[in-house]
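A.B. asks: So the protein lines, in turn, are chains S and W.
Under this note's numbering, think of the first position of the first sequence as 91, with each following residue one higher.
Under this note's numbering, think of the first position of the second sequence as 9, with each following residue one higher.
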Amino acid sequence: KAGVTQTPRYLIKTRGQQVTLSCSPISGHRSVSWYQQTPGQGLQFLFEYFSETQRNKGNFPGRFSGRQFSNSRSEMNVSTLELGDSALYLCASSLGRAGGTSYEQYFGPGTRLTVT
Amino acid sequence: AQSVTQPDIHITVSEGASLELRCNYSYGATPYLFWYVQSPGQGLQLLLKYFSGDTLVQGIKGFEAEFKRSQSSFNLRKPSVHWSDAAEYFCAVGALNTGTASKLTFGTGTRLQVTL
Numbered sequence: 091k092a093g094v095t096q097t098p099r100y101l102i103k104t105r106g107q108q109v110t111l112s113c114s115p116i117s118g119h120r121s122v123s124w125y126q127q128t129p130g131q132g133l134q135f136l137f138e139y140f141s142e143t144q145r146n147k148g149n150f151p152g153r154f155s156g157r158q159f160s161n162s163r164s165e166m167n168v169s170t171l172e173l174g175d176s177a178l179y180l181c182a183s184s185l186g187r188a189g190g191t192s193y194e195q196y197f198g199p200g201t202r203l204t205v206t
Numbered sequence: 009a010q011s012v013t014q015p016d017i018h019i020t021v022s023e024g025a026s027l028e029l030r031c032n033y034s035y036g037a038t039p040y041l042f043w044y045v046q047s048p049g050q051g052l053q054l055l056l057k058y059f060s061g062d063t064l065v066q067g068i069k070g071f072e073a074e075f076k077r078s079q080s081s082f083n084l085r086k087p088s089v090h091w092s093d094a095a096e097y098f099c100a101v102g103a104l105n106t107g108t109a110s111k112l113t114f115g116t117g118t119r120l121q122v123t124l
């Protein structure tokens, strides 16, 4: 079974621009979560989508948004980029249903975003 | 609010030696606990998880972890470290309920260096 894929792997943007990152979950997984990883703040939860609805949200400004499509693929958008948005953005998928093992999250390789 | 503490930022062990990485969590109810490993430039790989049952759990690559509720700990162990185990290790906690189980809180990580 193919793992979680993220595109693009690397991205360089200029301050003030916007960016869209894509995540394709493991087949059959309906939950997609996004995390930001930086040297200073570590791994921080952005949001989770389940069946095309945002189910959980972290403490990030409204410039960070996402969506999920009917095939469970998810996109994350960051508008008005700031230098501090430079990070590794990780996507994780899980079955997302009730039941312990359903919440195991499997991570993609990440998208490295550099804002200049 | 849930939190995770990994007190050791960096650990160096000799190849063949045993390893224990510490993890302490704070959560009011039964936690859902994970250990992930991250190699440079890569995403996170799930090593093992605990959500109920036997408090000693076995994972991939010869790793195991023991859940101790009285100490709020979930330490990762390996009896004999291989040079390929050099990486960063993250402990994470999730809430074991349908709504927020996917919202993982991560520790700051422990970087493991293996000397030959």
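Backbone N, C-alpha and C fix where the C-beta goes; we use that ideal spot for every residue, glycine too.
Note that the coordinates shown come from a computational prediction; the quantities given were computed from them, not determined experimentally.
1. Counting pairs of beta carbons, one from the segment 60 to 68 of chain W and one from the segment 87 to 100 of chain W, are three or more of them closer than 8 Å?
2. In the DSSP assignment, the beta strand (DSSP E) including S:Thr170 goes from what residue to what residue?
3. So S:Pro151 contacts chain W; which residues on that side make the cut at Cβ distance below 7 Å?
4. Does the beta-carbon of S:Ala177 have 16 or more other beta-carbons within 10 angstroms, so that it is buried, or is it exposed?
5. Can you pull the DSSP bridge partners for S:Thr206?
6. Comparing alpha-carbon positions, which option in S:Arg157, S:Leu203, S:Phe135, S:Phe150 lies nearest W:Ser11?
7. Pick helix, strand or coil for W:Gly70, following the three-state DSSP scheme.
8. Using a Cβ cut-off of 7 Å, pull out every chain W residue sitting near S:Glu142, in sequence order please.
9. Where do the ends of the beta strand (DSSP E) carrying W:Arg101 lie?
10. By how many angstroms is the C-alpha of S:Phe150 removed from the C-alpha of W:Leu112?
11. Need the endpoints of the beta strand (DSSP E) that W:Pro39 sits in, please.
12. Pull up the distance between the alpha-carbon of S:Thr201 and that of S:Glu142, whole angstroms please.
13. Are the segment 102 to 120 of chain S and the segment 160 to 174 of chain S touching by the rule of at least three beta carbon pairs closer than 8 Å?
14. For W:Ala109, would you say it is in contact with chain S, using Cβ-to-Cβ distances shorter than 8 Å as the test?
15. My guess is that S:Tyr196 and W:Leu54 are in contact by the Cβ rule of under 8 Å, so how many angstroms apart are they, rounded?
16. Output yes if chain S places a C-beta closer than 8 Å to the C-beta of W:Phe98; else output no.
17. Would you list, in chain order, the members of the segment 153 to 164 of chain S that have their beta-carbon closer than 7 Å to a beta-carbon of chain W?
18. Buried or exposed: where does W:Phe18 fall if 16 or more other Cβ atoms within 10 Å of its Cβ makes it buried?
19. Indicate whether at least one CB of chain S lies closer than 8 Å to the CB of W:Lys76.
20. What would DSSP say about W:Tyr35, mapped onto helix, strand or coil?
C.D. replies: On the basis of the supplied data:
1. no
2. Within the first sequence, residue 170 of chain S is the residue found at index 80, counting from 1. It is not in any beta strand (DSSP E) - S:Thr170 carries neither H nor E in the DSSP assignment.
3. Taking the first residue of the first sequence as position 1, residue 151 of chain S is located at position 61. Near S:Pro151 there are no residues of chain W at all, since even the closest Cβ is about 18 Å away, more than 7 Å.
4. Counting from 1 along the first sequence, the entry for residue 177 of chain S is found at position 87. Its Cβ being crowded by 16 or more others within 10 Å, S:Ala177 is buried.
5. Looking up residue 206 of chain S in the first sequence gives position 116. DSSP lists no partner for S:Thr206.
6. Numbered from 1 along the second sequence, position 3 holds the residue referred to as residue 11 of chain W. The residue from S:Arg157, S:Leu203, S:Phe135, S:Phe150 with its alpha-carbon nearest to that of W:Ser11 is S:Phe135.
7. Residue numbering aside, residue 70 of chain W sits at position 62 when the second sequence is read from its first letter. Reduced to three states, the DSSP call for W:Gly70 is helix.
8. Within the first sequence, the letter at position 52 stands for residue 142 of chain S. For S:Glu142, none of the residues of chain W pass the 7 Å Cβ criterion, the least Cβ distance being about 15 Å.
9. The sequence position of residue 101 of chain W within the second sequence is 93, counting from 1. Checking the sequence shown, residue 101 of chain W turns out to be Val, not Arg. Here the beta strand (DSSP E) through W:Val101 covers 95 to 103.
10. Locating residue 112 of chain W in the second sequence gives position 104, counting from the first residue. Locating residue 150 of chain S in the first sequence gives position 60, counting from the first residue. The alpha-carbon atoms of W:Leu112 and S:Phe150 are separated by roughly 15 Å.
11. On the second sequence, residue 39 of chain W is found 31 positions in, with the first residue counted as 1. First-last of the beta strand (DSSP E) with W:Pro39: 39 to 46.
12. On the first sequence, position 111 is the one that residue 201 of chain S refers to. On the first sequence, position 52 is the one that residue 142 of chain S refers to. Roughly 22 Å separates the two Cα atoms.
13. yes
14. Within the second sequence, residue 109 of chain W is the residue found at index 101, counting from 1. It does; some Cβ of chain S falls within 8 Å.
15. By 1-based counting over the first sequence, the position of residue 196 of chain S is 106. By 1-based counting over the second sequence, the position of residue 54 of chain W is 46. Indeed, because the Cβ distance is near 6 Å, the residues count as touching under 8 Å.
16. Position 90 of the second sequence, counting from 1, holds the residue named residue 98 of chain W. At least one chain S Cβ lies under 8 Å of W:Phe98.
17. none
18. Locating residue 18 of chain W in the second sequence gives position 10, where the first residue counts as 1. The sequence shown places His at residue 18 of chain W, rather than the Phe named in the question. By the 10 Å Cβ count, W:His18 comes out exposed.
19. Position 68 of the second sequence, counting from 1, holds the residue named residue 76 of chain W. The C-beta of W:Lys76 comes no closer than 8 Å to any C-beta of chain S.
20. As a working note, residue 35 of chain W is residue 27 in the second sequence. Correct three-state label for W:Tyr35: coil.
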